[in-house]
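Undergrad:
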Amino acid sequence: MSAVDDVSGLTGPARDKVFQKELVTLIPHLRAFARTLTGDATQADDLAQDALIKAWDARLSFQLGTNMKAWTFMILRNQFYSDKRRSWRSTQLDQEAAERTLMAVDDPESPVALDELRQAMAVLPAEQREALILVGAGGFAYEEAAEICGCAVGTVKSRVSRARKAVQGILEAGAYDRDGRAAGEAMGHILGEAERLSASVR
Amino acid sequence: MMGVGKVPFIGNRKGHTALKRDRTTKYGEEVRPRADGMIDQQQNSAGQRPAEGLDEARLRQRAIGVKLRQMFDEVVNEPVPDEFLEILRRADGGQSGER
Numbered sequence: 008m009s010a011v012d013d014v015s016g017l018t019g020p021a022r023d024k025v026f027q028k029e030l031v032t033l034i035p036h037l038r039a040f041a042r043t044l045t046g047d048a049t050q051a052d053d054l055a056q057d058a059l060i061k062a063w064d065a066r067l068s069f070q071l072g073t074n075m076k077a078w079t080f081m082i083l084r085n086q087f088y089s090d091k092r093r094s095w096r097s098t099q100l101d102q103e104a105a106e107r108t109l110m111a112v113d114d115p116e117s118p119v120a121l122d123e124l125r126q127a128m129a130v131l132p133a134e135q136r137e138a139l140i141l142v143g144a145g146g147f148a149y150e151e152a153a154e155i156c157g158c159a160v161g162t163v164k165s166r167v168s169r170a171r172k173a174v175q176g177i178l179e180a181g182a183y184d185r186d187g188r189a190a191g192e193a194m195g196h197i198l199g200e201a202e203r204l205s206a207s208v209r
Numbered sequence: 022m023m024g025v026g027k028v029p030f031i032g033n034r035k036g037h038t039a040l041k042r043d044r045t046t047k048y049g050e051e052v053r054p055r056a057d058g059m060i061d062q063q064q065n066s067a068g069q070r071p072a073e074g075l076d077e078a079r080l081r082q083r084a085i086g087v088k089l090r091q092m093f094d095e096v097v098n099e100p101v102p103d104e105f106l107e108i109l110r111r112a113d114g115g116q117s118g119e120r
């Protein structure tokens, strides 16, 4: 691949410049990954900024011409877990988030709550959530997601599959219905919206 | 350096082509929305052409997939807050010292 060869020999400021130019284009994706991972805009931007700083500091360990998006996502992910270890216990099922969410939903005064999918995502175990985000939204192949998460491809596949089933189950159970909506309406809502969206996508 | 040394190097591993930049991805789904608002079937692996009466569960999975991407893309399409660019401006100034 000659394009790779062109940049891989660069050093010093010229290399930094090439690195930075590509890194800048990844910022929106890092923010999106952080947002969907944490479910919180402020926390997400802190996380994404930390990841950006780390990526810059580690720029010499990155080989230009290889997949910078996957590399930065891995940095962000590692940062997320190290933050989480510090503040929370890392459990399979995020029980606290689940309880907070359910409480918020039960509260009729609850202001414009997160939409149903966000809520469903929030109660997924973190590793299922990240797998679903990477493969289902981030555009990564299973192999790439496995590299990012540091696990086997089969593990990613099974996490994605379990995450999908869980999200669907949560939505269908109507656990997040509010304002007297009938059970299962969350799913109906998503179906309707997806239909509307798919009309405008691609 | 805040432990970045622990970040494994993921490019250029022998025998690995998975991280090539131009790899196509499929969101791991078997289907994608079509522009006409219908749902198109697209197999990941050689599979049977889906029946006309679409499996309800699959339809729902697809809907979730579309919604998930929308959720992600919403953020991607937001303007980047200036703090992000500021980080790189500062980093660049401190590092290269030129320009």
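In order, the protein sequence lines correspond to chains A and B. Residue numbers are given in the working numbering: position 26 of the first sequence equals residue 33, and the series is strictly consecutive. Residue numbers are given in the working numbering: position 59 of the second sequence equals residue 80, and the series is strictly consecutive. The beta-carbon is built from N, C-alpha and C at its ideal position, and this holds for glycine as well. The structure displayed is predicted, hence computed values, not measured ones.
How would you write the range of the alpha helix (DSSP H) that residue 31 (chain A) sits in, first residue to last?
TA: As a working note, residue 31 (chain A) is residue 24 in the first sequence. Unbroken alpha helix (DSSP H) run through residue 31 (chain A): 19-45.
Undergrad: Just how far apart, CA to CA, sit residue 82 (chain A) and residue 89 (chain B)?
TA: Along the first sequence, one-based indexing puts residue 82 (chain A) at 75. Along the second sequence, one-based indexing puts residue 89 (chain B) at 68. Approximately 22 Å, taken between the alpha carbons.
Undergrad: Could you tell me the distance, in whole angstroms, from the CA atom of residue 42 (chain A) to the CA atom of residue 170 (chain A)?
TA: Here residue 42 (chain A) corresponds to residue number 35 of the first sequence, with the count starting at 1. Here residue 170 (chain A) corresponds to residue number 163 of the first sequence, with the count starting at 1. So the alpha carbons of these two residues sit roughly 18 Å apart.
Undergrad: What residue range is occupied by the uninterrupted alpha helix (DSSP H) comprising residue 50 (chain A)?
TA: Your numbering for residue 50 (chain A) matches position 43 in the first sequence. Residues 48-64.
Undergrad: For residue 114 (chain B), decide whether its Cβ has a neighbour in chain A, counting only Cβ atoms nearer than 8 Å.
TA: Here the question's residue 114 (chain B) lines up with position 93 in the second sequence. False, the Cβ-Cβ gap to chain A never drops below 8 Å.
Undergrad: Tell me whether the beta-carbon of residue 27 (chain A) lies closer than 8 Å to the beta-carbon of residue 113 (chain B).
TA: Against the first sequence, residue 27 (chain A) aligns to sequence position 20. Against the second sequence, residue 113 (chain B) aligns to sequence position 92. Cβ atoms of residue 27 (chain A) and residue 113 (chain B): closer than 8 Å.
Undergrad: So that I know if they touch, is there some Cβ in chain A lying closer than 8 Å to that of residue 81 (chain B)?
TA: Position 60 of the second sequence holds residue 81 (chain B). For residue 81 (chain B), the answer is yes, since a Cβ of chain A falls inside 8 Å of its Cβ.
Undergrad: Quick one: Cα of residue 73 (chain A) to Cα of residue 31 (chain A), how far?
TA: Numbered from its first residue, the first sequence carries residue 73 (chain A) at position 66. Numbered from its first residue, the first sequence carries residue 31 (chain A) at position 24. Rounded to the nearest angstrom, the two C-alpha atoms are 16 Å apart.
Undergrad: Is any non-hydrogen atom of the ligand FAD found closer than 7 Å to the C-beta of residue 47 (chain A), if you look at the structure I gave you?
TA: Ligands displayed in this structure: none; no statement on the ligand FAD is therefore possible.
Undergrad: Measure the beta-carbon distance from residue 44 (chain A) to residue 136 (chain A) and round it to whole angstroms, keeping in mind my assumption that it falls under 8 Å.
TA: The residue you call residue 44 (chain A) lines up with position 37 of the first sequence. The residue you call residue 136 (chain A) lines up with position 129 of the first sequence. Indeed, because the Cβ distance is near 7 Å, the residues count as touching under 8 Å.
Undergrad: In whole angstroms, what separates the C-alpha of residue 47 (chain A) from that of residue 35 (chain A)?
TA: Start at 1 with the first residue of the first sequence, and residue 47 (chain A) comes out as number 40. Start at 1 with the first residue of the first sequence, and residue 35 (chain A) comes out as number 28. Going from the Cα of residue 47 (chain A) to the Cα of residue 35 (chain A) covers about 15 Å.
Undergrad: Do you know offhand how far residue 97 (chain B)'s Cα is from residue 37 (chain A)'s?
TA: Looking up residue 97 (chain B) in the second sequence gives position 76. Looking up residue 37 (chain A) in the first sequence gives position 30. Cα to Cα, residue 97 (chain B) sits roughly 8 Å from residue 37 (chain A).
Undergrad: Can you say whether residue 96 (chain A) is buried or exposed, counting buried as having 16 or more other CB atoms within 10 angstroms of its CB?
TA: What you label residue 96 (chain A) is simply residue 89 of the first sequence in a count that begins at 1. With a pLDDT of 49 at residue 96 (chain A), under the threshold of 50, the modelled position of this residue cannot be trusted; read the value that follows with caution. The residue in question, residue 96 (chain A), is exposed, as its Cβ has fewer than 16 Cβ neighbours within 10 Å.
Undergrad: Around the C-beta of residue 93 (chain A), are 16 or more other C-beta atoms found within 10 angstroms, so that it is buried, or is it exposed?
TA: Taking the first residue of the first sequence as 1, we reach residue 93 (chain A) at position 86. Exposed, since its Cβ has fewer than 16 Cβ neighbours within 10 Å.
Undergrad: Going by beta-carbon coordinates alone, are residue 177 (chain A) and residue 84 (chain B) separated by less than 8 Å?
TA: The residue labelled residue 177 (chain A) in the question sits at position 170 within the first sequence. The residue labelled residue 84 (chain B) in the question sits at position 63 within the second sequence. No; because the gap between Cβ atoms is not below 8 Å, this pair is not in contact.
Undergrad: Taking only beta-carbon atoms, is residue 145 (chain A) less than 8 Å away from chain B?
TA: The residue labelled residue 145 (chain A) in the question sits at position 138 within the first sequence. Yes, its Cβ sits closer than 8 Å to a Cβ of chain B.
Undergrad: Which residues in chain B sit within 7 Å of residue 135 (chain A), going by Cβ to Cβ distance?
TA: If you number the first sequence from 1, residue 135 (chain A) lands on position 128. Correct list: empty, because the minimum Cβ distance to chain B is about 13 Å.
Undergrad: Can you give me, in chain order, the residues of the region 23-51 of chain A that have a beta carbon less than 9 Å from any beta carbon in chain B?
TA: Hits within the stretch, in order: 23, 24, 27, 30, 31, 34, 35, 36, 37, 38, 39, 40, 41, 42, 43, 48, 51.
Undergrad: Measure the CB-CB distance between residue 71 (chain A) and residue 25 (chain A) and report whether it falls below 8 Å.
TA: Numbered from its first residue, the first sequence carries residue 71 (chain A) at position 64. Numbered from its first residue, the first sequence carries residue 25 (chain A) at position 18. Their beta carbons are under 8 Å apart, which means residue 71 (chain A) touches residue 25 (chain A) by this criterion.
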